[in-house]
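In order, the protein sequence lines correspond to chains U and F. Each step along the first sequence adds one to the number in my numbering, with nothing skipped, and position 52 is 52. Each step along the second sequence adds one to the number in my numbering, with nothing skipped, and position 270 is 1270. C-beta: ideal position from N, C-alpha, C; glycine also. Only a predicted model underlies this, so the values are computations on that prediction, with no experimental measurement involved.
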Amino acid sequence: MTDSASTPTALIRARGLTKVFGERTAVAGIDFEVRDGEFFGFLGPNGAGKTTTMRMIAGVSPRTSGTLEIFGQDPDLQGSVIRGLIGVVHQQETLDMELTVRENLLVFGRFFGIDRASIATRADELLELFQLSDRAKDQVEPLSGGMKRRLSIARSLIASPRILMLDEPTTGLDPQARHLLWDALQRLKRGGTTIVLTTHYMDEAEQLCDRLVVMDQAKIVAEGSPRQLIVEHASREVLELRFPNGTESIDAKVLEGIGDRYERLAERVIIGCENGEAAHARALEHGLSPESWLVRRSSLEDVFLRLTGRSLDE
Amino acid sequence: MTVASSVAPNRTRSRLAAIREAAPHPTRWRHVVGYMIAVYRREWQGSVFSGFIEPLVVLAGLGIGLGVLVGDKAAEITGGVSYVAYIAPALMVSSAMNLATSEAAWPILARVAWVRIYHAIIATPLNAADVMVGAITFILGKVAFAATFFAGVLLVTGIATSPTGALGMIAVSVLTAFAFGAPMAAFSVTQKSDQGFAFIFRLIITPLAFFSGTYFPIENLPFAAQVLSWCTPLAHGVALSRALALGAPVTNIWLHVVALLVWGAVGTVAAIYLFRKRMLK
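Structure follows, in structure tokens:
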């Protein structure tokens, strides 16, 4: 029902999408759909298959099997047309260091077959939008990491793409630069651009994405809005108990009795529950003596932990 | 039966579409040339010496210095002309070889592996083949530019005997650049660092200048070395360029031209194939 209703506006549709490198399966038969105008995320640890999936969508990695349609077209057969409608921001910078900031934009626009006058206008708009106007005539090399990333995004927008794809856009940026970038992406989304991003940052996915899939070991393990995922796969609150001397010796029976579910990590026990304070009281009654504890609302991190038994940074 | 007949044309169509996706576009590669010109406008001062002045310095040094040493024997080697006039058209093509080979080395490797802008370009409507065709074309343009300057000097000094001959020499330099630049591009796109380049220059490019008839006739070499020499592109470029400079009739002109074209064409196809292999994983 929902599937057929969403079909007409799906810009990207994958069924059984698979990519195998020799012995290693990087993407193992995943299904997903990205709808017009949404902010869609691939969340998962490094090596989960997110970047490979992005590369297949961008038409620079032929799939091993499965179907993939972007704007209803097969990227293996209509790659050039599809790439003309997509803006791609790579995880590592791919800017030309010998050209100036503005020249990087001008040169890139030509690859999309846009005339010089239109590119120049668009380039100046983008420099303004990404707060790079005062650096327009500077070389790229000395720019800060945040500025280079903003320039990369500006460059990917030179042909006003319908879909913007970003691979780990804020990795390596300081918190201030991250927030600047998030604001810029949200403005773009409001302007109607469909955005697809990969990230291994929970807060990023939670802040930005309308809908996301959680990937782990080449598969999609969950799908939904951040809120839905938390409601479905995690409890309302989380109690974290810290045991610096390790958690192996704690009796599983005891942990089961504290909340709805628990995850045992090396030095922490994470307990999903309705009421964290009450769960903490129960833990003390059961004779546990954690060095410290905290209660927080459940996040995507807990969803991931629940689904995979591992935390994202492990 | 009905299924087979309806599927077959579809399959043919997708095969054609897949080939079109991999082949160079008729015109899109020109934007890669445009990009390289934009880069060149920023750094041309640095390349003026290596591309323009250096070959002339070598010519002056070797032509005059060696010329004195060779002295009266020059006529035996050269068939009557001065030693400078003998080596000048050959140095013109060997400097085209040097320029094309180094332009197909670092600038290409950098864009594949270091600044990685090629990764961004193949994410636009351009494909890997467009990038290689554009990159090689730019190299030929740069060599044509340097060769025009060199030919002008030879014309003014009377070493090149006719303007038509000088134009022909420029064309030969570009052909030679194609024969070296394209295979070198194919090599560069497979490299992870520039260590392999030293090997190419020391073991192939530098020795070639000595065994391709640049400084003395190939006929002075042992027979086996002569055969080997004709298997490489430089000897063909030297033979053409020298004949054009001296206004002598060119023997086997098409053989030389075809040899250079084959080297360039095979190199281009290899460059496209290897570049795709590296980029489209």
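Using a beta-carbon distance below 8 Å, is residue i in contact with chain F?
i: U:Glu98; result: yes
i: U:Phe130; result: no
i: U:Thr121; result: no
i: U:Val60; result: yes
i: U:Arg297; result: no
i: U:Ser65; result: no
i: U:Ser160; result: no
i: U:Asp76; result: yes
i: U:Gly79; result: yes
i: U:Phe111; result: yes
i: U:Glu103; result: yes
i: U:Gln91; result: no
i: U:Thr194; result: no
i: U:Leu95; result: yes
i: U:Val20; result: no
How about residue i and residue j: do their beta carbons lie closer than 8 Å?
i: F:Ala1185; j: F:Gly1267; result: yes
i: F:Pro1217; j: F:Ile1077; result: yes
i: U:Glu223; j: U:Phe32; result: yes
i: U:Gly192; j: U:Gly72; result: no
i: F:Phe1211; j: F:Ala1225; result: yes
i: F:Ala1177; j: F:Ile1205; result: no
i: U:Arg135; j: U:Val101; result: yes
i: U:Glu206; j: U:Pro226; result: yes
i: F:Glu1021; j: U:Leu77; result: yes
i: U:Arg63; j: U:Met54; result: no
i: U:Ile270; j: U:Glu277; result: no
i: U:Ile158; j: U:Leu126; result: yes
i: U:Arg83; j: U:Ala58; result: yes
i: U:Ile153; j: U:Ala117; result: no
i: U:Ile303; j: U:Ile230; result: Note on residue identity: the sequence assigns Val, not Ile, to residue 303 of chain U. Yes, the pair counts as a contact, with Cβ atoms nearer than the cut-off.
Any Cβ of chain U within less than 8 Å of the Cβ of residue i?
i: F:Met1279; result: yes
i: F:Tyr1035; result: yes
i: F:Val1283; result: Any property of residue 1283 of chain F remains undetermined from this structure, which presents chain F solely from 1001 to 1281.
i: F:Glu1076; result: no
i: F:Ala1147; result: no
i: F:Glu1054; result: no
i: F:Ala1018; result: yes
i: F:Val1003; result: Confidence at F:Val1003 is low in this model, with a pLDDT of 46, below 50, so its placement is unreliable and the value that follows should be read with caution. No, no contact with chain U.
i: F:Pro1125; result: yes
i: F:Ser1193; result: no
For residue i and residue j, which I take to be in contact (beta-carbon distance under 8 Å), what is that distance rounded to the nearest angstrom?
i: F:Val1093; j: F:Leu1221; result: Actually they are not in contact, since the Cβ atoms of F:Val1093 and F:Leu1221 sit about 18 Å apart, beyond 8 Å.
i: F:Pro1125; j: U:Phe111; result: 7 Å
i: F:Arg1278; j: F:Val1112; result: 7 Å
i: U:Ala10; j: U:Leu68; result: Not really, about 12 Å apart at Cβ, beyond 8 Å.
i: U:Leu164; j: U:Asn104; result: Between U:Asn104 and U:Leu164 the Cβ distance is about 17 Å, and since that is not below 8 Å, they are no contact.
i: U:Leu99; j: F:Ala1038; result: 6 Å
i: F:Gly972; j: F:Gly1247; result: Absent from the structure is residue 972 of chain F, since the part of chain F shown begins at 1001 and ends at 1281.
i: U:Val238; j: U:Gly287; result: Going by Cβ atoms, the distance from U:Val238 to U:Gly287 rounds to 21 Å, so no, they are not a contact pair.
Given residue i, which residues of its chain have a CB within under 6 Å of its CB, disregarding the five upstream and five downstream residues?
i: U:Ser292; result: Arg242
i: U:Gly49; result: Ala26, Val27, Met215 and Ala218
i: F:Gly1213; result: Ala1235 and Val1238
i: F:Asp1130; result: Pro1024, His1025, Arg1028 and Trp1029
i: F:Tyr1118; result: Arg1111, Val1112 and Val1131
i: U:Gly29; result: Gly16 and Thr18
i: F:Ala1179; result: Pro1233, Leu1260, Trp1263 and Gly1264
i: F:Phe1275; result: Ala1128, Met1132 and Val1189
i: F:Phe1197; result: Ala1105
i: F:Ile1122; result: Ala1128 and Met1279
i: U:Ser65; result: Thr18
i: F:Met1097; result: Thr1176, Phe1180 and Leu1234
i: F:Ser1095; result: Pro1055
Apart from the five residues just before and just after residue i, which ones in its own chain have a Cβ nearer than 8 Å to its Cβ?
i: U:Thr25; result: Thr18, Lys19 and Ala218
i: F:Thr1012; result: none
i: F:Leu1059; result: Val1084, Ile1087, Ala1088 and Leu1091
i: F:Ile1170; result: Ala1144, Ala1147, Thr1148 and Ala1151
i: U:Ser6; result: Note that U:Ser6 scores a pLDDT of 45, beneath 50, so its modelled location is shaky; the value from the coordinates is reported in the next line. So the list reads Glu33 and Arg35, once near-sequence residues are dropped.
i: F:Thr1161; result: Ala1245, Leu1246 and Gly1247
Which same chain residues, not among the five before or five after residue i, have their C-beta less than 7 Å away from its C-beta?
i: U:Ser169; result: Going by the sequence as given, residue 169 of chain U is Pro instead of Ser. Within the same chain, U:Pro169 has close Cβ partners Val89, Arg149, Leu181 and Leu197.
i: U:Thr199; result: Gly41, Leu43, Glu168 and Ala205
i: F:Ile1108; result: Ala1135, Ala1185, Ser1188 and Val1189
i: F:Met1066; result: Here residue 1066 of chain F turns out to be Leu, not Met, going by the sequence shown. So the qualifying residues of the chain are Tyr1083.
i: F:Tyr1010; result: The question names Tyr, yet the displayed sequence has Asn at residue 1010 of chain F. Excluding residues within five positions, none has a Cβ falling inside 7 Å.
Problem set entry | Entirely enclosed alpha helix (DSSP H) segments - the region 23 to 80 of chain U, minimum 4 residues | 50 to 57
For this session: Would you list, in sequence order, the uninterrupted alpha helix (DSSP H) runs of no fewer than 4 residues that lie entirely inside the region 77 to 121 of chain U?
Result: 101 to 111
Exercise. Of all the alpha helix (DSSP H) runs that stay within the bounds of the region 1194 to 1278 of chain F, which reach a length of 4 or more residues?
Worked result: 1195 to 1200, 1206 to 1210, 1223 to 1231 and 1233 to 1246
Exercise. Can you list the alpha helix (DSSP H) stretches of 4 or more residues lying completely in the region 188 to 266 of chain U, in chain order?
Worked result: 202 to 208, 226 to 233 and 252 to 256
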